[in-house]
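2 protein chains.
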Amino acid sequence: MRYEDAPVKNAGGGDLPALGIDIGGTKVAGGVVAPDGTILDTARRATPSRSVEATEDAIAAVVEELAERHGGPLVGVGVGAAGWFDRTGDTVLFSPHLAWRNQALRKELGDRLQRPMWVGNDADAAAWAEYRYGAARGSDLALVITLGTGIGGGIVLDGRLQRGAHGVAGEWGHMRVVPDGRLCACGNRGCWEQYASGTALGQTGREVALSSPAAAADLLDRVGGNPDLITGEVVATAAQAGDPLANELLCDVGAWLGQGIADLAAVLDPEVVVIGGGVSVLGEMVLTPARERLERALPGRGFRPGPRVLAAQLGAQAGLVGAANLVRRAVCEGEA
Amino acid sequence: MRYEDAPVKNAGGGDLPALGIDIGGTKVAGGVVAPDGTILDTARRATPSRSVEATEDAIAAVVEELAERHGGPLVGVGVGAAGWFDRTGDTVLFSPHLAWRNQALRKELGDRLQRPMWVGNDADAAAWAEYRYGAARGSDLALVITLGTGIGGGIVLDGRLQRGAHGVAGEWGHMRVVPDGRLCACGNRGCWEQYASGTALGQTGREVALSSPAAAADLLDRVGGNPDLITGEVVATAAQAGDPLANELLCDVGAWLGQGIADLAAVLDPEVVVIGGGVSVLGEMVLTPARERLERALPGRGFRPGPRVLAAQLGAQAGLVGAANLVRRAVCEGEA
Chain A
7 MRYEDAPVKN AGGGDLPALG IDIGGTKVAG GVVAPDGTIL DTARRATPSR
57 SVEATEDAIA AVVEELAERH GGPLVGVGVG AAGWFDRTGD TVLFSPHLAW
107 RNQALRKELG DRLQRPMWVG NDADAAAWAE YRYGAARGSD LALVITLGTG
157 IGGGIVLDGR LQRGAHGVAG EWGHMRVVPD GRLCACGNRG CWEQYASGTA
207 LGQTGREVAL SSPAAAADLL DRVGGNPDLI TGEVVATAAQ AGDPLANELL
257 CDVGAWLGQG IADLAAVLDP EVVVIGGGVS VLGEMVLTPA RERLERALPG
307 RGFRPGPRVL AAQLGAQAGL VGAANLVRRA VCEGEA
Chain B
7 MRYEDAPVKN AGGGDLPALG IDIGGTKVAG GVVAPDGTIL DTARRATPSR
57 SVEATEDAIA AVVEELAERH GGPLVGVGVG AAGWFDRTGD TVLFSPHLAW
107 RNQALRKELG DRLQRPMWVG NDADAAAWAE YRYGAARGSD LALVITLGTG
157 IGGGIVLDGR LQRGAHGVAG EWGHMRVVPD GRLCACGNRG CWEQYASGTA
207 LGQTGREVAL SSPAAAADLL DRVGGNPDLI TGEVVATAAQ AGDPLANELL
257 CDVGAWLGQG IADLAAVLDP EVVVIGGGVS VLGEMVLTPA RERLERALPG
307 RGFRPGPRVL AAQLGAQAGL VGAANLVRRA VCEGEA
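Line by line, the protein sequences give chains A and B.
The opening position of the first sequence corresponds to residue 7 in our numbering, with each subsequent residue numbered one higher.
The opening position of the second sequence corresponds to residue 7 in our numbering, with each subsequent residue numbered one higher.
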């Protein structure tokens, strides 16, 4: 059953806004979101990443600020956070940037805020938003890949988020694509996100600047000559300004993206693959080389269609919009 | 909804046997299968692989032989074949061993045999059998990996085969695991099945016999000293007889299997992974090194459970048993 066709089990709250919160490594961003996905108001706080209590204080402050300005009733609060959640979505198992370890987040926040809650992975929330309101709308099988410092992802199949047997599906940034490859923060080597992400772009930029400083003159100029200061953003800015080397590095990241999409197509055979996250603001500079590689690498090409590769439509707000819709869904339709 | 809970929409045929057919590169194997999965009778023919008509003649001959011996009414005929089917399952897009190219197989066979048909991928049929009667029974998210000359696979999620947007999900044998790696029959390089399959076992055996003939003395003895004659079966037999080198090669295939399972766990987070196919008769000689690698390679290990890795229970009959149950399901419950 598709979301659009789902019977509304409890019509109460159907036309009220919900709060959506997106917790990143540096900030807690919140919004009041109407049923049609429109953001009516926003607020943000810095993320105090080292303490569980301080993180939850920041969430509560954003919720209280938005609720007070809104004044009227709200359906509930949806919270998407970078982290691995268990299958029920009640407990965050592990968060790379935050202090949460096996934290019963939904209960803790619900007790504190005294509001209905949805909590879950931020990439799942963003994927849901793209399915509900964005580039994946109407698709029976959509993968949403968020390209940022790493790679996140979400799977929407037949109108439902698919979170796997233990809640951690869609962590394809940690597929191994190069044996004995680059070291990843997860402890493994050769993970996909070490080759296709903002971090990868910076890493390759630094490597090239060290090995071929003349070719990397434009990049080095942008960081006062210190190759250690070359980040993904520096390379991206240089590419947008027309630096041929930076553009080549971006094509390389795009090709790795396309190769990984080919691998995911071998496993899941999606209808659409939506590319979101910070790196996706580069648009066709990344998507064109990704599609070119996918076309050459798709297993069975010529005998089968491949997925359509589309740019995300909701930008940086996807996480909070998706989280708001997911709490609405939980409250109004009884969907977990 | 789980299969066991599904309402029977049309009780007619519920207690009748169905025919299951499994078409491989060398033989067409058929069986009369009772509702509880018991095989009541079997028949087989050689597969005439180069002609569409001759292949369909062989299928018809097996069906007629079994139907005649059975004598009574049958629910229908399920056919699993090595090949890629479209989403509806009506059309075979491409078959590696057979002459089918965009062939409307379900209609053609149905017209010829005048019986209700299910047609689909052989690994999907085998996966369904393991879910319905075997090692994956009761699992909400099971991946079945068939290790033979290549790697096939099927996904059973919430009691349904998941075939992807275009019908070709589960083709994970063609995930790229080594950039610029071994050439695959699919035209790409570095596919998983080039490292974890019977073919991979033979290939590695031949490579070692050429580079280190002294270490490979046992293997070479088995093939009259000609390294070109070392196949996966030769290595497997030597390993079972206690040859340490052959055992090491088997451990290597097992480790590649475990690595690929870790990659699939990053994408899909399955509850169980069932290993079937010809190579799986080696049992723990392959499964133990696979589990060991999985334990070390699972992304997020320590913070999340991994999948249980189990041996298939239905052996070489899984394909025909699954195909028979799938046509039963299509006829009696209206499931596609």
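In this text, a Cβ means the ideal position worked out from N, Cα and C, and glycines have one as well.
DSSP places THR48/A within a strand segment (E or B) once states are collapsed to three.
For TRP106/B, no chain A residue has a C-beta closer than 9 Å to its own C-beta; the minimum C-beta separation is roughly 11 Å.
Annotation for GLY231/B: no alpha helix (DSSP H) segment contains it, and DSSP assigns it neither H nor E. In the structure shown, the three-state DSSP call for TRP90/B is strand.
The beta carbon of GLY328/B is closer than 6 Å to those of ALA131, ALA132, TRP134 and ALA135 in its chain, skipping five residues each way along the sequence. Residue burial is scored here from C-beta neighbours: ASN232/A has fewer than 16 other C-beta atoms within 10 angstroms and is therefore classed as exposed. Below the 8 Å Cβ cutoff, chain A contributes GLY170 and ALA171 as neighbours of PRO276/B, in chain order. Fewer than three Cβ pairs drawn from the region 214-225 of chain A and the region 288-298 of chain A lie within less than 8 Å of each other, which leaves the two stretches out of contact.
In the three-state reduction of the DSSP assignment, TRP198/B falls in the helix class, which pools H, G and I. Taking C-beta atoms under 8 Å as the contact rule, GLU199/A and ILE157/A qualify, at a distance of about 4 Å. In terms of Cβ geometry, GLY86/B and ASP146/B do not form a close pair [threshold 8 Å].
Between the alpha carbons of VAL279/A and ASP258/A lies a gap of roughly 19 Å.
By the rule that beta-carbons nearer than 8 Å mark a contact, GLU71/A does not touch chain B.
Within its own chain, the residues whose Cβ lies closer than 7 Å to the Cβ of ALA222/B, once the five positions on either side in sequence are excluded, are VAL214, ALA215 and LEU251, listed in chain order. For TRP178/B, the nearest beta carbon of chain A is closer than 8 Å to its own beta carbon. ALA175/B places its beta carbon 8 Å or farther from that of THR152/B. Within the model, the alpha-carbon separation for TRP106/A versus GLU114/A is close to 12 Å. The C-beta distance from ALA318/A to GLY26/A rounds to 16 Å, too long to meet the 8 Å contact threshold. Counting of Cβ neighbours within 10 angstroms places PRO23/A among the buried residues, the total reaching 16 or more. Its chain contains GLY37, VAL38, LEU72, ARG75 and HIS76 as the residues whose beta carbon lies nearer than 7 Å to that of ASP47/A, once the 5 sequence neighbours on both sides are disregarded; these appear in chain order. Distances from the CA of CYS192/A to each of GLN323/A, TYR137/A, GLY179/A and ILE161/A were compared; the closest alpha carbon is that of GLY179/A. Relative to ASP224/B, the option among GLY208/B, ALA202/B and GLY248/B whose CA is nearest is GLY248/B. Listed along chain B, the residues sitting closer than 8 Å to ALA175/A by beta-carbon distance are VAL273, LEU274 and ASP275.
At a cut-off of 8 Å between beta-carbon atoms, TRP134/B makes no contact with chain A. DSSP places THR243/A in the helix class (H, G or I) of the three-state scheme. Distance between GLY306/B and GLY306/A, taken at the CA atoms: about 32 Å.
Considering only ARG188/B, GLY159/B, GLN109/B and GLU62/B, the residue with the shortest C-alpha distance to GLY325/B is GLY159/B. Closer than 8 Å at the C-beta level to chain A, one finds no residue of the region 29-49 of chain B.
For the region 87-154 of chain B, the continuous alpha helix (DSSP H) assignments of 4+ residues that do not extend past its boundaries occur at 111-119 and 128-139, in sequence order.
Neighbours of ASN194/B in chain A, taken as residues whose beta carbon is under 7 Å from its own, are ALA303 and PRO305 in chain order. In this structure PRO276/B is buried. Its beta-carbon is surrounded by 16 or more other beta-carbon atoms within 10 angstroms. Secondary structure of GLY328/B (DSSP, three-state): helix. Around the beta carbon of GLN120/B, fewer than 16 other beta carbons lie within 10 angstroms, which makes this residue exposed.
For ASP146/B, the neighbours in chain A by C-beta distance under 8 Å run, in chain order, ALA171. Between GLY173/B and ARG93/B, the C-beta spacing is below 8 Å. The residues ALA268, ALA271 and GLY312, in chain order, have a CB closer than 7 Å to that of LEU304/A in the same chain once the five nearest residues on each side in sequence are set aside.
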